[in-house]
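Since the structure comes first, as structure tokens, the remarks are kept for the end.
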Amino acid sequence: MSFLYPLGLLGLIGVPILILIYIIKNKYTEQTVASNYIWHYSERFLKRRKKLPKIAGLISLIMQLLTVVVISLAIAHPVITFPGAASEYCFIIDASGSMHITTDGVTRLDVAKSEVAERIEESLQGGVYTLITVDDASTDVLCLRESDKKKALEKLAGVSASFGDTDMADALAMAQGYFDANSGVRTYLVTDKHYEQHTNVELITVGGGELNFALSNAKYTFNAETGALEVEVTLSAYGRDGEASVALFLGEEETPLDVKTLSLAADTAETVRFSVTTQGFASFRLQLAGSDALAADNTLVVYNLTSENEQTALIVSETPFFLQTALAAVGGVEVTAVTPKAYAEVGGMTGYSLYIFDSCTPAALPGDGSVWLLNVTENIEQAGFSVQGEVALTEAVPLTLTTSSASTAKRLVENMRGEAVHVYKYVKYGLYNNFTTLYSYRGQPLVFAGQNALGCNQVVFAFSLHDSNFTMTPDFIPFIDNLISYSFPGVLDRVNYVSGEALEINVPAGCTEIRIEAPDGTVVYPTSGIAAREYLLREPGAYTVSLTVGGTLRRYRVFCEMQEAESAVTEAGTAFSLQGDAGEGGLDGKYDDLIFLMVLLSVIFIVDWMVYCYDKYQLR
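Here it is in structure tokens:
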């Protein structure tokens with residue numbers, strides 16, 4: 155036996171001191187003792203001034219001596235050591251998505267944590283515990299050779315499962331390192347996967363046999379003219395045979411448009427098809443009826459990418475017909491037209507993705523969207539070019555289309571035939587920003603694109619559409635389509651992802667803040683200011699992406715579905731074995747419960763009852 159705090163034994167010095175005091179003091183002095191009955195017993199005799207019997211007179215001294223001994227031992231904290239009886243434990247916990255599978259309200263991860271906690275609690279004091287969790291993003295060591303059971307259990311309680319697949323390679327390498335350092339380490343792999351080979355590893359398998367249905371890979375086609383919406387989704391059954399119903403909802407509606415019921419054999423999949431008619435949609439939802447072992451794969455939401463990326467344009471012009479017609483032909487743009495006078499009267503307007511100034515000059519450039527300037531005759535601050543005067547031509551002249559191999563130029567003139575464009579007059583501009591010239595006349599840029607001083611995409615026409623034949627050529631609509639793609643590229647390239655994939659955000663010019671809200675309500679603010687941002691999607695469900703552009707809030711939605719492999723109730727794992735021969739490597743076990751304190755308290759209790767019996771029954 156040893157003591158954690160041996161200096162506490164210095165309190166035993168009080169024993170001889172008490173004995174000395176007892177010898178030199180008067181035997182009939184009033185004394186106080188710990189026992190209630192002994193207290194009254196002593197008082198009765200003191201009042202009568204009777205001399206206590208010898209054994210009763212020593213009770214006070216005995217009680218005080220026992221108290222000193224007990225307190226000293228309690229402070230010294232005695233510990234019994236059992237050499238080589240304790241062990242080192244290494245627990246590797248699978249925190250993959252399938253650990254969310256539930257039976258009677260208890261997840262596989264809950265069962266895994268209970269198994270680990272039971273082994274920690276039953277282990278002998280003196281052991282050490284290493285906890286490793288493996289999820290879809292990382293392998294984490296929660297505690298390393300922790301000797302305090304309470305702390306190890308606290309770390310274990312905080313373990314949560316991810317929603318993706320796991321790679322055990324790093325965990326295996328860590329476990330091998332611990333095994334090489336101590337061949338007696340007891341390694342446990344706690345998982346729902348089945349490993350046939352697990353040398354020097356004790357496998358704790360949780361779960362199995364549940365019934366789970368999963369939805370995945372939703373696709374659709376939509377004909378805007380007929381309103382025909384064709385939807386197909388994969389329905390899978392895992393674990394057992396079963397029957398499932400899939401409902402199709404439009405938007406946030408609670409009444410389904412259609413319901414399909416299928417019977418599936420275990421571990422098979424079938425394609426479910428829906429054919430409905432609707433005037434349009436922003437999103438639709440596929441929902442499994444009832445409940446199964448895993449709720450995270452029972453719902454799929456598909457957002458209309460065109461709707462999510464829909465942009466707004468403001469045309470400031472006295473004659474906006476050509477531009478309105480072109481934007482309508484391209485589609486995906488909500489157009490508002492105002493006169494230059496109306497625009498000036500309100501001091502400018504904000505909140506649009508694209509501003510088009512046709513044959514008018516704004517007092518200042520808007521900073522929250524792209525800008526098209528047509529036939530501007532006055533200088534504009536921060537526009538990146540200067541007005542050098544109007545040029546009148548005696549006859550229409552052809553413009554030269556760029557043949558540059560630069561990526562921006564090629565993107566802006568793709569799908570164009572190169573038909574001749576003629577103009578009757580134009581405005582001469584001097585460029586001092588780095589613009590890409592698309593059309594020119596004798597080296598003079600007449601259509602060019604680039605960024606202005608505000609960081610917004612800008613396209614400039616040095617002529618009015620009414621002074622050219624451009625709108626009548628087959629290249630006009632493709633050119634406008636290219637300009638729209640350049641002016642506001644879609645913020646989202648797609649709206650449906652799988653857990654573990656990165657959401658890509660094309661940040662528009664003038665964006666000052668990006669806000670992403672996850673399905674669980676967690677909010678993050680990625681830094682804005684570059685062309686694209688990536689955010690790792692881990693939790694299945696709907697995400698809301700909010701962008702603040704020029705003081706205007708724009709919201710977009712995406713949906714993340716669970717990895718298909720994690721919906722399976724039974725999955726085989728590769729070999730998980732530690733190389734080498736297992737040894738003893740035991741640690742010293744310890745027993746530090748204050749059993750001696752309890753024994754001494756029992757002695758005190760027995761002594762108290764002996765005195766009671768002596769008094770009542772005169773046991774002499």
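Numbers in my numbering are just positions in the sequence shown, counted from 1, shifted up by 154.
Where a beta carbon is used, it is the ideal one built from N, C-alpha and C, also for glycine.
Notebook entry, point to check: In its own chain, which residues sit with a C-beta less than 8 Å from the C-beta of Val169, not counting the 5 before and 5 after it?
Noted result: Once the five neighbours on either side are set aside, the close Cβ partners of Val169 are Leu219, Val222, Val223.
Item checked: Cβ-based neighbour list, Phe589, same chain, cut-off 6 Å, excluding 5 preceding and 5 following -> Phe602, Gly604.
Note to self: On the criterion of 16 or more Cβ atoms from any shown chain inside 10 Å, does Gly543 qualify as buried, or is it exposed?
What the structure shows: The residue is exposed, with fewer than 16 neighbouring Cβ atoms inside 10 Å.
Margin query: In whole angstroms, give me the CA-to-CA distance for Met626 and His620.
Written below: In a straight line, the C-alpha of Met626 is about 11 Å away from that of His620.
Check: According to the neighbour-count rule (16 or more other Cβ atoms, all chains shown, within 10 Å of its Cβ), is Ile178 buried or exposed?
Finding: Exposed: under 16 other Cβ atoms inside 10 Å.
Next item on the list: Just the C-alpha distance for Gln330 and Ser721, rounded to the nearest angstrom, thanks.
Entry: Each residue's CA atom was taken as its position, placing Gln330 and Ser721 some 30 Å apart.
Item checked: Selection from Thr473, Tyr640, Asp264, Val489 that minimises the alpha carbon distance to Ser513 -> It is Thr473.
Next item on the list: May I have the straight-line CA-CA distance separating Leu701 from Phe713, to the nearest angstrom?
Entry: Roughly 17 Å between the two C-alpha positions.
Check: Which one of Arg692, Asp264, Tyr332, Arg262 has the shortest CA to CA distance from Gly734?
Finding: With distances taken between Cα atoms, Gly734 lies closest to Tyr332.
Next item on the list: Hey, could you find the ends of the alpha helix (DSSP H) Arg273 is sitting in?
Entry: Unbroken alpha helix (DSSP H) run through Arg273: 262–276.
Check: Count the other CB atoms within 10 Å of the CB of Ser445; is the residue buried (16 or more) or exposed (fewer)?
Finding: Ser445 should be labelled exposed.
Next item on the list: Determine the direct distance from the alpha carbon of Gly737 to that of Tyr697, and round the result to whole angstroms.
Entry: So the two alpha carbons sit approximately 51 Å from each other.
Notebook entry, point to check: Which runs of the beta strand (DSSP E), 3 residues or longer, sit entirely within the region 380–455?
Noted result: As far as the region 380–455 is concerned, its whole beta strand (DSSP E) runs of at least 3 residues are 382–392, 396–404, 412–418, 422–431, 437–442.
Checklist line | 8 Å contact criterion, which Asn587 and Asn606 should meet: CB distance rounded | finding: Distance from Asn587 to Asn606 at the Cβ level is roughly 7 Å; contact confirmed, criterion being Cβ atoms closer than 8 Å.
Next item on the list: Kindly indicate which three-state DSSP category Glu658 falls into: helix, strand or coil?
Entry: In the structure shown, Glu658 sits in a strand (DSSP, three-state: E or B).
Note to self: Just verifying my parser: in three-state terms, what is the DSSP assignment at Tyr792?
What the structure shows: Summary: the structure shown does not reach residue 792, with the chain confined to residues 155 through 774, and so no result is reported for it.
Notebook entry, point to check: Since Ser540 is in the beta strand (DSSP E), which residue starts that stretch and which ends it?
Noted result: First-last of the beta strand (DSSP E) with Ser540: 539–552.
Item checked: Of the residues Tyr509, Ile534, Ser301, the one placed nearest Asp522, counting alpha carbons only -> Ranking the options by Cα distance to Asp522, first place goes to Tyr509.
Next item on the list: Return the chain-ordered list of same chain residues with a C-beta closer than 7 Å to the C-beta of Leu161, the five sequence neighbours on each side being excluded.
Entry: No residues qualify anywhere along the chain.
Check: Cβ of Phe630 less than 8 Å from any chain C Cβ?
Finding: Absent here is chain C; the protein component of the structure consists of one chain.
Checklist line | Thr556 versus Ala372 - alpha carbon distance | finding: Distance between the alpha carbons of Thr556 and Ala372 is about 42 Å.
Next item on the list: Output the boundary residues of the alpha helix (DSSP H) element that contains Phe476.
Entry: Its alpha helix (DSSP H) spans residues 475–484.
Note to self: Can you tell me which residues form a DSSP beta bridge with Thr375?
What the structure shows: Under DSSP, Thr375 takes part in a beta bridge, and its partners are Glu384.
Next item on the list: Please classify His254: is it buried, with 16 or more other beta-carbons within 10 angstroms of its beta-carbon, or exposed?
Entry: Residue burial annotation: His254 is buried, with at least 16 other C-beta atoms found within 10 angstroms of its C-beta.
Notebook entry, point to check: Whose CA, out of Phe435, Leu459, Phe367, Asp421, lies closest to the CA of Thr453?
Noted result: Nearest of Phe435, Leu459, Phe367, Asp421 to Thr453, Cα basis: Phe367.
Notebook entry, point to check: So, using beta-carbon positions, are Thr388 and Ala423 closer together than 8 Å?
Noted result: In this structure, Ala423 lies closer than 8 Å to Thr388 by Cβ.
Notebook entry, point to check: Going by alpha carbons, who is nearest to Glu408 out of Ser417, Leu418, Leu440?
Noted result: Closest by alpha carbon: Leu440.
Next item on the list: Return the chain-ordered list of same chain residues with a C-beta closer than 6 Å to the C-beta of Ala325, the five sequence neighbours on each side being excluded.
Entry: Apart from the 5 residues on each side of it in sequence, Ala325 sits with its Cβ closer than 6 Å to the Cβ of Ile246, Ile286, Val288, Thr293 in its chain, given in chain order.
Next item on the list: Measure how close the beta-carbons of Ala436 and Ser461 come, nearest whole angstrom, since I'm counting them as under 8 Å.
Entry: Confirmed, about 5 Å.
Next item on the list: Decide if Gln465 is buried, meaning its Cβ has at least 16 other Cβ atoms within 10 Å, or exposed.
Entry: Buried, because 16 or more other Cβ atoms sit within 10 Å of the Cβ of Gln465.
Next item on the list: Given a cut-off of 8 Å, decide if Thr341 and Asp248 are closer than it, judged by their beta-carbon atoms.
Entry: The answer is no: Cβ separation not under 8 Å.
Notebook entry, point to check: With 16 as the cutoff for other CB atoms within 10 Å, does Asp647 come out buried or exposed?
Noted result: Exposed: under 16 other Cβ atoms inside 10 Å.
Margin query: Looking only at its chain, what residues have a beta carbon closer than 6 Å to the beta carbon of Ser641, apart from the 5 residues adjacent to it on each side?
Written below: Beyond the five residues adjoining it in sequence on each side, Ser641 comes within less than 6 Å, by CB distance, of Leu508, Ser524, Asn611 in the same chain, given in chain order.
Next item on the list: Closer than 7 Å by C-beta to Ala450: which residues in its own chain qualify, once you throw out the five before and the five after it? Chain order, please.
Entry: The beta carbon of Ala450 is closer than 7 Å to those of His254, Phe317, Pro694, Met716 in its chain, skipping five residues each way along the sequence.
Notebook entry, point to check: Is Ser370 closer than 8 Å to Glu667 when the C-beta atoms are compared?
Noted result: Taking 8 Å as the Cβ cut-off, Glu667 and Ser370 do not qualify as a contacting pair.
Notebook entry, point to check: Among the residues of its own chain, which have a CB less than 6 Å from the CB of Phe438, if the five just before and after it don't count?
Noted result: Around Phe438, the same chain offers Leu404, Val456 as residues with beta carbons nearer than 6 Å, after the five sequence neighbours per side are excluded.
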